[in-house]
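Novice:
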Amino acid sequence: MEYVILAVVIAVVAVGAIAGLVVSGRRRQQLPPKSQAPVITAPPTTPQEPQVGEEAAPPTEEPRRTVEEVQLPEAEVEAPAEVEVSEAEAAPAVEVPEPTAGRLVRLRSRLSRSQNSIGKGLLSLLSREHLDEDTWEEIEETLLIADVGVAPTQELVERLRTRVKVLGTRTPDELRALLREELVELVGKDADRTVRSTKHAEGPAVVLVVGVNGVGKTTTTGKLARVLVADGRTVVLGAADTFRAAAADQLQTWGERVGARTVRGPEGGDPASIAFDAVKEGIAEGVDTVLVDTAGRLHTKTGLMDELGKVKRVVEKHGPVDEVLLVLDATTGQNGLIQARVFAEVVDITGIVLTKLDGTAKGGIVVAVQRELGVPVKLIGLGEGADDLAPFEPGAFVDALIGD
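Right under this line is the structure:
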């Protein structure tokens, strides 16, 4: 009996030993041998969570050399930083606008291409051997087609008839001189066409730029800033056209090109408030001129026109408004006069800017709009170029009309 018990005990011990050996062997198979430990060449881009049954390596066991090995070369690391700094510090290049003195003379050929039909037509008619009633009617018709207007046309024709009779013989040079003199008189040689932009005791000169949509008002405001900078003025721009998408961005771009600051507000904001802030900023900076670009008001919208009057009243809390420039599209001809009348009822227009005078425009509109408002044309736009806005000079304008 004792032998049987001893045999059972021995068998149990043997079975336990064998099981321990099997388990130990399996564990050895699961663990990699020390000689085959994994070599980490680079840390994963995103840290990985240890899987179930795996042991996470202690942080201190990660060799620093592997981190250094995966770093980018020095030039590649520093390049983005250098680009970022240069972009942050880079400022738009400030341009030097073309001098305004004699600018209209330099743009004469561009103006004459679209206007020669007036002067050449008149010279051709006046050069006829016999100036009968039919010829004078043709002269009158030529002037009316050129948008000179009925009353100015009748006055010019009467003066021409009188002087041609006194002159007697008419050589081409005499006719040209005669026509030039009368046209300069008609356009207005003695009118004050200066844009009042000089700083005064109350602060900077304030110029409101008004006009309907589509006449190039914001572009004209930007070009006017270039005109003033070219004449030695410092300028602040007020982007009070808050109803047209991107108008403020457009004006700011114009300002940055000549180093002029632009005061703007949120889209759809109160135009009067922005105009007020622009003048306030101009006073703080001590600039010469504040240009305020107003919204393009439709002359049929009474409410919007009233708001334009509000802009002027609010700005006048800082001081007087020195100029209210009405921008008109010269190609609209007599239709532009309707706009001019309505604007003149809301604000006191002090000057006119005629844009697009190099296209299909008729030069007589210069005479007609001045007669309508009783204020002079001060600037004319002769193209799409940044420096194609020129101070109006009657003599140079008429020379372009009648040609060489």
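If you want the working numbering, it's the 1-based position in the sequence shown plus 1280.
From the three backbone atoms N, C-alpha and C, an ideal C-beta is built for every residue, glycine too.
These figures come from a predicted structure and were not determined experimentally.
Among the residues of its own chain, which have a CB less than 8 Å from the CB of L1402, if the five just before and after it don't count?
Specialist: Counting from one through the sequence shown, the residue named residue 1402 turns up at place 122. Once the five neighbours on either side are set aside, the close Cβ partners of L1402 are I1419, T1422, L1423, L1459, I1682.
Novice: Check whether the Cβ atoms of L1605 and V1489 lie closer than 7 Å to each other.
Specialist: Counted from its first residue, the sequence shown places residue 1605 at position 325. Counted from its first residue, the sequence shown places residue 1489 at position 209. Result yes, Cβ atoms of L1605 and V1489 sit closer than 7 Å.
Novice: Which same chain residues, not among the five before or five after V1543, have their C-beta less than 8 Å away from its C-beta?
Specialist: Taking the sequence shown and counting its residues from 1, one reaches residue 1543 at position 263. Contacts found: V1516, L1517, G1518, A1519, I1554, D1557, A1558, E1561.
Novice: Please classify G1502: does DSSP put it in a helix, a strand, or coil?
Specialist: Working through the sequence shown from its first residue, we reach residue 1502 at position 222. It is helical.
Novice: Give the straight-line distance between the Cα atoms of T1499 and G1549, rounded to the nearest whole angstrom.
Specialist: In the sequence shown, residue 1499 corresponds to position 219, counting from 1. In the sequence shown, residue 1549 corresponds to position 269, counting from 1. So the two alpha carbons sit approximately 21 Å from each other.
Novice: With H, G and I counted as helix, E and B as strand and the rest as coil, what does DSSP make of G1562?
Specialist: Residue numbering aside, residue 1562 sits at position 282 when the sequence shown is read from its first letter. Here G1562 sits in helix by DSSP.
Novice: State the DSSP-derived secondary structure class of K1658, mapped to helix, strand or coil.
Specialist: In the sequence shown, the residue the question calls residue 1658 occupies position 378. Of the three classes helix, strand and coil, the one that applies to K1658 here is strand, per DSSP.
Novice: Along the chain, which unbroken stretches of the alpha helix (DSSP H) at least 4 residues long are found entirely within the region 1608-1656?
Specialist: Listed in chain order, they are 1615-1626, 1645-1653.
Novice: For P1546 and E1587, which I take to be in contact (beta-carbon distance under 8 Å), what is that distance rounded to the nearest angstrom?
Specialist: Translated into positions along the sequence shown, residue 1546 becomes position 266. Translated into positions along the sequence shown, residue 1587 becomes position 307. So it is not a contact: roughly 17 Å between Cβ atoms.
Novice: Curious, which full-length beta strand (DSSP E) runs of at least 3 residues does the region 1480-1533 contain?
Specialist: Qualifying beta strand (DSSP E) stretches, in chain order: 1485-1490, 1515-1519.
Novice: Whose C-alpha, out of R1537, G1502, R1651, is nearest the C-alpha of A1670?
Specialist: On the sequence shown, position 390 is the one that residue 1670 refers to. Measuring from the Cα of A1670, the nearest candidate turns out to be G1502.
Novice: With the cut-off set at 7 Å, would you say L1659 and I1629 are in Cβ contact?
Specialist: Within the sequence shown, the letter at position 379 stands for residue 1659. Within the sequence shown, the letter at position 349 stands for residue 1629. The answer is no: Cβ separation not under 7 Å.
Novice: Exposed or buried, what is G1494 when buried is set at 16 or more other beta-carbons lying within 10 Å of its beta-carbon?
Specialist: Position 214 of the sequence shown, counting from 1, holds the residue named residue 1494. Classification of G1494: exposed, given that the 10 Å Cβ count is below 16.
Novice: Contact defined as beta carbons within less than 8 Å: I believe P1377 pairs with A1510. What is the distance between those atoms, to the nearest angstrom?
Specialist: Here the question's residue 1377 lines up with position 97 in the sequence shown. Here the question's residue 1510 lines up with position 230 in the sequence shown. P1377 to A1510, Cβ: 4 Å. Contact.
Novice: Is it right to say D1679 is buried, meaning 16 or more other beta carbons lie within 10 angstroms of its own, or is it exposed?
Specialist: As a position in the sequence shown, residue 1679 is number 399, starting the count at 1. It is buried - the Cβ of D1679 has at least 16 other Cβ atoms within 10 Å.
Novice: Around the C-beta of R1513, are 16 or more other C-beta atoms found within 10 angstroms, so that it is buried, or is it exposed?
Specialist: If you number the sequence shown from 1, residue 1513 lands on position 233. It is buried - the Cβ of R1513 has at least 16 other Cβ atoms within 10 Å.
Novice: Are the region 1630-1650 and the region 1595-1610 touching, with three or more C-beta to C-beta distances below 8 Å?
Specialist: Cβ pair count under 8 Å is three or more, so yes.
Novice: Does the Cβ-Cβ distance between A1426 and G1644 come in under 7 Å?
Specialist: In the sequence shown, the residue the question calls residue 1426 occupies position 146. In the sequence shown, the residue the question calls residue 1644 occupies position 364. Result yes, Cβ atoms of A1426 and G1644 sit closer than 7 Å.
Novice: As a quick exercise: from T1478, T1569, R1473, pick the residue whose alpha carbon is nearest that of V1633.
Specialist: Taking the sequence shown and counting its residues from 1, one reaches residue 1633 at position 353. Checked all of T1478, T1569, R1473; the closest Cα to V1633 is R1473.
Novice: In the DSSP assignment, find the alpha helix (DSSP H) that holds D1679 and state where it starts and stops.
Specialist: In the sequence shown, residue 1679 corresponds to position 399, counting from 1. Residues 1674-1682.
Novice: Just to confirm my understanding: we take V1595, look at its own chain, exclude 5 residues before and 5 after, and list those with CB closer than 8 Å. What are they?
Specialist: Walking along the sequence shown from the start, residue 1595 turns up at place 315. So the qualifying residues of the chain are V1486, L1488, A1552, A1555, F1556, V1559, V1572, V1601.
Novice: Using alpha carbons as the reference points, say which of D1529, G1448, P1432, E1465 lies closest to R1408.
Specialist: By one-based count along the sequence shown, residue 1408 stands at place 128. The option with the nearest alpha carbon to R1408 is G1448.
Novice: Less than 7 Å separating the beta-carbons of T1569 and P1484?
Specialist: In the sequence shown, residue 1569 corresponds to position 289, counting from 1. In the sequence shown, residue 1484 corresponds to position 204, counting from 1. Cβ distance < 7 Å, so T1569 and P1484 count as in contact.
Novice: My parser needs the beta strand (DSSP E) runs of 3 or more residues fully inside the region 1403-1480; what are they?
Specialist: Runs of the beta strand (DSSP E) inside the region 1403-1480: none found.
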